[in-house]
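Colleague: Counting from 1 along the sequence shown, just add 37 to a position and that's the residue number in our numbering. Glycine included, each C-beta is placed from N, C-alpha and C at the ideal position. Before I ask anything, here is the structure I am working with.
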Amino acid sequence: MRAGQTRLTDQCQYLVHEPDERFDPPRPPKDPRELRILDPACGSGHFLLYAFDLLLTIYEEAFGTGATADPPPADWPGLILARNLHGIDIDPRAAQIAALALWMRAQRALTDLGLGRAERPRIERTNIVVAEPMPGDSELLAEFLTTVDPRLQPLVSKAVDAMKLAGEAGSLLKIEADLEKALGGAMRAAMVPRAEIVGQTEDGRQIVQATLSMIASSEEDFWDQAQATLLASLAAYGAQAAGATGLRRRLFAQDAAEGFAFIALMHQTYDVVLMNPPFGAASKASKSYLSRAYPRTKNDLFAAFVERGIALLEPGAFLGALTSRTGFFLVSFQAWREEILLATAPPTVFADLGNGVLDDAMVEVAAFCLQKKDR
């Protein structure tokens, strides 16, 4: 749809750049339900709330309204929360606020449709995830692993180890790279059907049945299947026993499920990455890791977040950021400008906003959009 044919140009209050097909090759059309948007340091979700409103317009223009709309408008808010919007933060309270704010915004959209409480589809899922270490109780981990498909046990163990810095590094943690070898091993093992004892004959002989293998076309697809299997195992494990032991298992299961959700988000690519990331030096606990993982951008967190965001984009997709302006002027950011921005995702628009933009930080700010090169 061309710019003149959509209400989005009127809805975007600060629109400064409209795509021109002479200079901006259009990306192939995509079902709106397949659009993925990520804020890797989402805080209380301001960017995602704005994106929610734009997505409602996109759904309306793509699917129409009234009785002929498919999917119907009543399903759109839940679909947007479940399929389009994704957020990560290291602060559990901020993530809870973001999830609640999105849920409330979805309820307002349903109210605008004239739907009463009894008529509304239940919205039970958001993709707002807390980046935090996996449960560190070795006793419960060993116990849980006995309930997991043996082909996935090494992957779970590696995930627990790789997530130790998640609470410090957040989405800067390159968890997909850390798990690459373990994930590949699990994929190869999962392609081989596993024998399972399902009973025995009258004379005592075991009845062995081959379980179906997990077949996946990509690591992302395999992780989706593995995650579903592991979440089912966690739910069953957390439901075992009562009293103090049962409580410990339930807390373990909840924390582990959050960790698997974080890993799943990091195995996806996105059509849009939006961010107002933290800036300045890394924490003492994560400094060594970030220096190794981001040698060209280790001097400031915001530059590392931009590098990370570009890596998570699909080819031709966009990153929008509100950051410190220093990266565009200081010599110490030369590698970031030349080897990250110009080489992989050149700016499509840049605004030097100066001071007074961020209420809680005295920093000169720049707003910019980048488009990832096709190759």
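If I follow the unbroken alpha helix (DSSP H) through H123, where does it start and stop?
Modeller: One-based indexing of the sequence shown puts residue 123 at position 86. No alpha helix (DSSP H) contains H123, which is instead part of the beta strand (DSSP E) from 122-126.
Colleague: When the Cα of P332 is compared with those of E344, A322, P315, which residue comes out closest?
Modeller: Residue 332 sits at position 295 when you count from the first residue of the sequence shown. Closest by alpha carbon: E344.
Colleague: Going by alpha carbons, who is nearest to A131 out of A382, A146, V167, Y274?
Modeller: Taking the sequence shown and counting its residues from 1, the one referred to as residue 131 is at position 94. Cα-wise, what sits closest to A131 is V167.
Colleague: Cα separation between A301 and L311?
Modeller: Position 264 of the sequence shown, counted from the start, is the residue given in the question as residue 301. Position 274 of the sequence shown, counted from the start, is the residue given in the question as residue 311. Spanning the two alpha carbons is a distance of roughly 18 Å.
Colleague: Can you give the beta carbon distance from C79 to I165, rounded, assuming they're within the 8 Å contact cut?
Modeller: Taking the first residue of the sequence shown as 1, we reach residue 79 at position 42. Taking the first residue of the sequence shown as 1, we reach residue 165 at position 128. Confirmed, Cβ separation roughly 7 Å.
Colleague: With C-beta atoms as the reference, is A138 less than 8 Å away from P114?
Modeller: Residue numbering aside, residue 138 sits at position 101 when the sequence shown is read from its first letter. Residue numbering aside, residue 114 sits at position 77 when the sequence shown is read from its first letter. No. Outside cutoff.
Colleague: Per the DSSP calculation, L407 is bridged to which residue(s)?
Modeller: Mapped onto the sequence shown, residue 407 falls at position 370. Per DSSP, L356, P384.
Colleague: Which residues in the same chain as L249 place their Cβ atom closer than 6 Å to its Cβ, once the five residues preceding and following it in sequence are excluded?
Modeller: Start at 1 with the first residue of the sequence shown, and residue 249 comes out as number 212. Interpretation of L249 is limited by its pLDDT of 48, a score under 50 that renders its predicted location unreliable; the figure taken from the coordinates is listed afterwards. Excluding sequence neighbours, L249 sits near nothing in its chain.
Colleague: So, with DSSP's three-state summary, where would you put G391?
Modeller: Start at 1 with the first residue of the sequence shown, and residue 391 comes out as number 354. In the structure shown, G391 sits in a strand (DSSP, three-state: E or B).
Colleague: For G283, I'd like the list of residues in its chain whose CB is within less than 7 Å of its CB, leaving aside the five on either flank, ordered along the chain.
Modeller: If you number the sequence shown from 1, residue 283 lands on position 246. Within the same chain, G283 has close Cβ partners Q277.
Colleague: So, for A434: in the same chain, excluding its five sequence neighbours on each side, which residues have a beta-carbon less than 7 Å away from its beta-carbon?
Modeller: Residue 434 lies beyond the stretch modelled for the chain, which goes from 38 to 412, so this question has no answer here.
Colleague: Does DSSP classify E98 as helix, strand or coil?
Modeller: Your numbering for residue 98 matches position 61 in the sequence shown. Reduced to three states, the DSSP call for E98 is helix.
Colleague: Given a cut-off of 8 Å, decide if L356 and C406 are closer than it, judged by their beta-carbon atoms.
Modeller: Start at 1 with the first residue of the sequence shown, and residue 406 comes out as number 369. Start at 1 with the first residue of the sequence shown, and residue 356 comes out as number 319. The answer is yes: Cβ separation under 8 Å.
Colleague: My assumption, with CB atoms under 8 Å, is that P314 sits in contact with F342. Please give the rounded CB distance.
Modeller: Taking the first residue of the sequence shown as position 1, residue 314 is located at position 277. Taking the first residue of the sequence shown as position 1, residue 342 is located at position 305. Yes, P314 and F342 are in contact; Cβ-Cβ is about 4 Å, under 8 Å.
Colleague: Considering only C-alpha positions, which residue in the set L85, L268, T94 is nearest to Q42?
Modeller: Position 5 of the sequence shown, counting from 1, holds the residue named residue 42. For the residues L85, L268, T94, the minimum Cα distance to Q42 belongs to T94.
Colleague: Beta-carbon within less than 6 Å of F84's beta-carbon, same chain only, minus the 5 sequence neighbours each way: which residues are those?
Modeller: Residue mapping note: residue 84 aligns to position 47 of the sequence shown, counting from 1. Here F84 has D76, L311 as same chain residues with Cβ atoms under 6 Å from its own Cβ, once five neighbours each way along the sequence are excluded.
Colleague: Does DSSP put V53 in a helix, in a strand, or in coil?
Modeller: For the purposes of this step, residue 53 is identified with residue 16 of the sequence shown, where counting begins at 1. Reduced to three states, the DSSP call for V53 is coil.
Colleague: Note down, in chain order, each residue of its chain lying with its Cβ closer than 8 Å to the Cβ of R412, except the 5 sequence neighbours on either side.
Modeller: Within the sequence shown, the letter at position 375 stands for residue 412. Within the same chain, R412 has close Cβ partners P352.
Colleague: Please state whether DSSP places Y331 in a helix, a strand or coil.
Modeller: If you number the sequence shown from 1, residue 331 lands on position 294. The answer is coil: DSSP assigns Y331 none of H, G, I, E or B.
Colleague: Specify, as a first and last residue, the run of the alpha helix (DSSP H) that I134 falls within.
Modeller: As a first step, residue 134 must be located in the sequence shown, where it is residue number 97. Element bounds for I134: 129-149.
Colleague: Look up M312 in the DSSP assignment and give the residues it is bridged to.
Modeller: As a position in the sequence shown, residue 312 is number 275, starting the count at 1. DSSP, once it has assigned bridges, lists A358 as partnering M312.
Colleague: Could you give the distance in angstroms between the alpha-carbon of A223 and the alpha-carbon of D261?
Modeller: Walking along the sequence shown from the start, residue 223 turns up at place 186. Walking along the sequence shown from the start, residue 261 turns up at place 224. Near 13 Å, if we compare the C-alpha coordinates of D261 and A223.
Colleague: Going by alpha carbons, who is nearest to R188 out of A322, A219, F387?
Modeller: For this step, residue 188 is matched to residue 151 along the sequence shown. Ranking the options by Cα distance to R188, first place goes to A219.
Colleague: Does the separation of the CB atoms of R374 and V402 fall below 8 Å?
Modeller: On the sequence shown, residue 374 is found 337 positions in, with the first residue counted as 1. On the sequence shown, residue 402 is found 365 positions in, with the first residue counted as 1. Against a cut-off of 8 Å, the Cβ pair of V402 and R374 comes out as no contact.
Colleague: Opposite L75 in the DSSP bridges: which residues?
Modeller: Taking the first residue of the sequence shown as 1, we reach residue 75 at position 38. Answer by DSSP bridge pairing, in chain order: H123, V310.
Colleague: If you draw a straight line from the alpha carbon of G82 to that of S328, how long is it in whole angstroms?
Modeller: Residue numbering aside, residue 82 sits at position 45 when the sequence shown is read from its first letter. Residue numbering aside, residue 328 sits at position 291 when the sequence shown is read from its first letter. Roughly 28 Å separates the two Cα atoms.
Colleague: DSSP three-state call for L351: helix, strand or coil?
Modeller: In the sequence shown, counting from the first residue as 1, residue 351 sits at position 314. With the sequence shown as reference, residue 351 is identified as Glu, and Leu is not the correct amino acid for it. Three-state result, E351: strand.
Colleague: Buried or exposed: which applies to V197, given that a residue is buried once 16 or more other Cβ atoms fall within 10 Å of its Cβ?
Modeller: If you number the sequence shown from 1, residue 197 lands on position 160. Buried.
Colleague: Suppose you measure from the CA of D258 to the CA of G393; what does that come to, to the nearest Å?
Modeller: Here residue 258 is taken as the residue at index 221 of the sequence shown, counted from 1. Here residue 393 is taken as the residue at index 356 of the sequence shown, counted from 1. Distance between D258 and G393, taken at the CA atoms: about 44 Å.
Colleague: In three-state DSSP terms, what is I165?
Modeller: Taking the first residue of the sequence shown as 1, we reach residue 165 at position 128. I165 falls in the strand class under three-state DSSP.
Colleague: Might you give, ordered along the chain, the residues of its own chain that have their beta carbon closer than 8 Å to the beta carbon of A273, omitting 5 neighbours on each side?
Modeller: Taking the sequence shown and counting its residues from 1, one reaches residue 273 at position 236. Once the five neighbours on either side are set aside, the close Cβ partners of A273 are T184.
Colleague: Can the beta-carbon of A99 be found closer than 8 Å to that of P129?
Modeller: For the purposes of this step, residue 99 is taken as the residue at position 62 of the sequence shown. For the purposes of this step, residue 129 is taken as the residue at position 92 of the sequence shown. No, they are not a contact pair.
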